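K.L.:
Before we start, here is the structure in question, set down as structure tokens.
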Amino acid sequence: MPSVQLAVETRELTFAQAVNEALAEELRRDPTVFLIGEDVAEAGHPFKVLKGLVEEFGPARVLDSPISEAGITGLGLGAAMTGMRPVVDIMFGDFLTLIMDQVVNQAAKIHYMSGGRLSAPLTIRTTLGATRRSGAQHSQSLHAWVAHVPGLKVAMPATPYDAKGLIKSAIRDDNPTIVFEDKMMYAAKGVVPNGEYVVPFGVADVKREGDDVTLIATSSMVHVALEAAELLAGHGVDTEVVDPRTLVPLDRETLIASVRKTGRAIVLDEGYQSYGASAELAAVVSEGAFWHLDAPVQRMGAMDVPIPFSPPLEDVTVPTEKTVFEMAKMLCGRS
Amino acid sequence: MATETAAPPVDRALALEMLERMVVIRAFEAQANQLYLSAKMPGLTHLYVGQEAVAVGVCSALRQDDTITSTHRGHGHCIAKGAELRPMYCELLGKEEGYCRGKGGSMHIADHRNGNLGANAIVGGSAGIATGAAFSAARLGTDRVSVCFFGEGALGQGLLYEVMNMASLWKLPVVYVCENNLYNEYTPYEEVTAGSILARAEAFGIPGEEVDGQDAIAVHEAASRAVARARKGEGPTFLLCQTYRYHGHHVGDVDRSYYRPKDEEQRWASERDPIALLSARLGSEAELDEIRARAEAEVAAAVEYALAAPYPSPGEVTAHVYA
């Protein structure tokens, strides 16, 4: 964690409270910021993340929209191109399917297609993550889809501290940015400074230092990695956990430096394993740390199946501290 | 019908300016076609010839700071909103001095200084952008108006209805201008468009008006009424402009007999031509010759300039991915 955090007073916030604070502070700071989405006002969003914002900022800046994901994304884009900084709330990451043209063909390209003369400071907040018993259309982690498209920035906060700092950076960024929040993490607590701070994009965070194996983990998988690291410590394996925090831009140097040090790496990401973010991260460290590797870089992601509803089925679709522990042990030649 | 607000009569000076803009658009498009036929232009382009009265009629009712969004058939909107021809041809040819430094091309031309937020190669794709520009106009306390140009083909896209709903709910200053040129690419629109087009707008509580899209004055008057409503905070309007595309879907669409008869094309060109109609109404045949000569000279000089202009250097390819 950056040392600034140690120099100021801190308190514990949930992930949801940290998101809420980030939005409230930016709404206060900049009159061109507004929130739009389904049930974002009085309802405060189904996860209650936005509770209290409409009371402070009013319905002109915290707008309940129709259930029109493409429409609110397009409206947000147009407002972004003409002087505002909208934050569009897409309730579930699965609904990215409904906004893809506005995001991929419009927002991502407008700065480039206009030769740099137009820009779109648009923030889209959405969710990822399974194991909430929500079925196949409310459980996917589709961040790889947007990370694949030049012109978009993609943030994957794993802690309340990162969530607050990254959302504030996203809102101030002049590019279209998509922030993925793990909906299982909203109640998780973490230390957050009292004062103003931002977390810059493109700066990875070493969440735990170690010498034997690197776990590169995103979003929900950071906690799985940290728990697996504890289990591994009991078996004499010293584990480093590196969180890229943003997929685009990506802090390649920090990832590669860690794997050069440890010589072993597992990439953990809750997106589908095939053609996913984990493949890109694995390729980056394989290329960058090739001469330092003692074992092939491994990937662990969601199984390549639609997320099933039945709990015992759903639970096996994503990596857990146990499966990561087993994989890391094998990679380190421990039994 | 939204006819309650009387528009001021169009004076002769303004009508002549409109005529000149229409002639410039037509001359621009004739040269664009030549650039394609002589293989000097990369890719394809979609010509606006026949529809000039819509772009000019609407944009002559706008201020420079009002915004528009345009379509893949967007040269007319761009010129009508005030663009210069040199950077337009440079853009069509992929040259560095183009409005988008050659990175956009014909289908993505934008001219931010004149409020043109860009042509769009996704049919109906700019409806959200136009509505969002209207949202910001209202929220930032300006009296800017936003115009969304789209062809009748966009009536098949859901995004349009999503944002029309919000525009009406929140009384946004946006004018939806549907240019019905009778063909969704290569398919007659009646084959793919159910019910009444205006009723679709009225279902959202948006006043709709059908306009003769070949009559520049009628378009200007209808647009002026719609823009006045928007500026006063009275919300969106939907204009259905009946028009006709003289050329094919794009410059390469030459054999069109399988989807529309030749005599239909000839009838529109000889009886319903927007330039001839306005000129006859103004009794301006003598001025028209001068206007044509001026437009052709301006176009010829701009094309010559653009053909000689440099391409961007290859190093430019990675610039402007991010702001």
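Residue numbers (the numbering used here), protein chains in the order written: chain A, 954 to 1288; chain B, 91 to 413. Heads up, the beta-carbon is just placed ideally off N, CA and C, and yes, glycines get one too. In this text the structure is predicted, and so the values were computed from the model without any measurement.
#1: Go through its chain and collect everything with a Cβ distance to A/R1252's Cβ below 7 angstroms, but skip five positions before and after it.
#2: Are the Cβ atoms of A/A1191 and A/V1175 separated by less than 8 angstroms?
#3: Could one say the Cβ of B/K261 lies closer than 8 angstroms to chain A's Cβ atoms, at least one of them?
#4: To which residues of the same chain is A/L1030 closer than 7 angstroms at the C-beta, ignoring the five residues directly before and after it?
#5: Give the residues of chain A in contact with B/S160, contact being defined as C-beta atoms less than 9 angstroms apart.
#6: Which residue wins for smallest C-alpha separation from B/L71, given the options B/S128, B/G303, B/R203?
#7: Should the region 197-210 of chain B be regarded as contacting the region 989-1009 of chain A, the criterion being three or more beta carbon pairs within less than 8 angstroms?
#8: For B/K185, go through chain A and note every residue whose CB falls closer than 8 angstroms to its CB, in chain order.
#9: Check the Cβ of A/A1032 against every Cβ in chain B and list those closer than 8 angstroms, keeping chain order.
#10: Beta carbon of B/Y279, beta carbon of B/L272: below 8 angstroms?
#11: Among A/P1259, A/E1240, A/D992, A/T1199, whose alpha-carbon lies nearest the alpha-carbon of A/L1016?
#12: Does at least one heavy atom of the ligand ZN sit under 7 angstroms from the Cβ of B/L397?
#13: Using 8 angstroms as the limit for Cβ to Cβ distance, is B/E174 near chain A?
#14: Shortest alpha-carbon distance to B/E300 belongs to which of B/I287, B/P132, B/Y401, B/F294?
#15: Hey, does A/H1064 have any beta-carbon neighbour from chain B nearer than 8 angstroms?
#16: In the structure shown, what three-state DSSP assignment does A/I1169 receive?
#17: Please compile the residues from chain B whose C-beta is within a distance smaller than 9 angstroms of the C-beta of A/R1038.
#18: Can you give the Cα-Cα distance for B/E355 and B/T159, rounded to whole angstroms?
#19: Find out if the Cβ-Cβ distance for the pair A/A1255, A/S1094 is shorter than 8 angstroms.
#20: Between A/H1064 and B/H410, is the Cβ-Cβ spacing less than 8 angstroms?
#21: Contact criterion: CB-CB distance below 8 angstroms. Does A/T963 meet it with respect to chain B?
#22: Pull out every residue of the region 195-223 of chain B whose Cβ sits closer than 7 angstroms to any Cβ of chain A, in chain order.
#23: Between B/D343, B/F239, B/G231, which has its C-alpha nearest B/A211's C-alpha?
#24: Use the C-beta contact count for A/M1283: other C-beta atoms within 10 angstroms, 16 or more gives buried, fewer gives exposed.
#25: So, A/F1154 versus A/A1108, is the Cβ gap smaller than 8 angstroms?
#26: Could I get the ranges of all uninterrupted alpha helix (DSSP H) runs contained in the region 249-332 of chain B, with 4 residues as the minimum, in chain order?
#27: Going by beta carbon distance, what residues of the same chain come within less than 6 angstroms of B/C180, once the five residues before and after it are set aside?
#28: Please decide whether B/H136 counts as near chain A, where near means a Cβ-Cβ distance under 8 angstroms.
#29: Note down the Cα distance separating B/S369 from B/A306, rounded to an integer number of angstroms.
#30: Could you work out which residues of chain B lie near A/T1026, taking near to mean beta carbons separated by less than 8 angstroms?
P.N.:
This is what the structure holds:
#1: V1220, Q1226, S1231, A1232, A1235
#2: In the sequence on display, residue 1191 of chain A carries Asp and not Ala. Taking 8 angstroms as the Cβ cut-off, A/D1191 and A/V1175 do not qualify as a contacting pair.
#3: no
#4: Q1055, Q1059, A1060, A1073, L1075
#5: Those within 9 angstroms of B/S160 in chain A number zero; the least Cβ separation is about 12 angstroms.
#6: Outside the modelled stretch of chain B, which goes from 91 to 413, sits residue 71 of chain B, for which no answer is possible.
#7: no
#8: Result: empty, since nearest Cβ-Cβ is about 11 angstroms, beyond 8 angstroms.
#9: G222, A223, F225, S226, R229
#10: yes
#11: A/D992
#12: By its list of ligands, the structure shown contains no ligand whatsoever, and the ligand ZN lies outside what it can speak to.
#13: no
#14: B/I287
#15: yes
#16: strand
#17: The contacting residues do not exist; A/R1038 stays about 10 angstroms from chain B at best.
#18: 28 angstroms
#19: yes
#20: yes
#21: no
#22: H198, A200, H202, L207, G208, I212, G215, A217, G218, I219, A220, T221, G222, A223
#23: B/F239
#24: exposed
#25: yes
#26: 287-293, 306-321
#27: E187, G188, A396, A399
#28: no
#29: 10 angstroms
#30: G218
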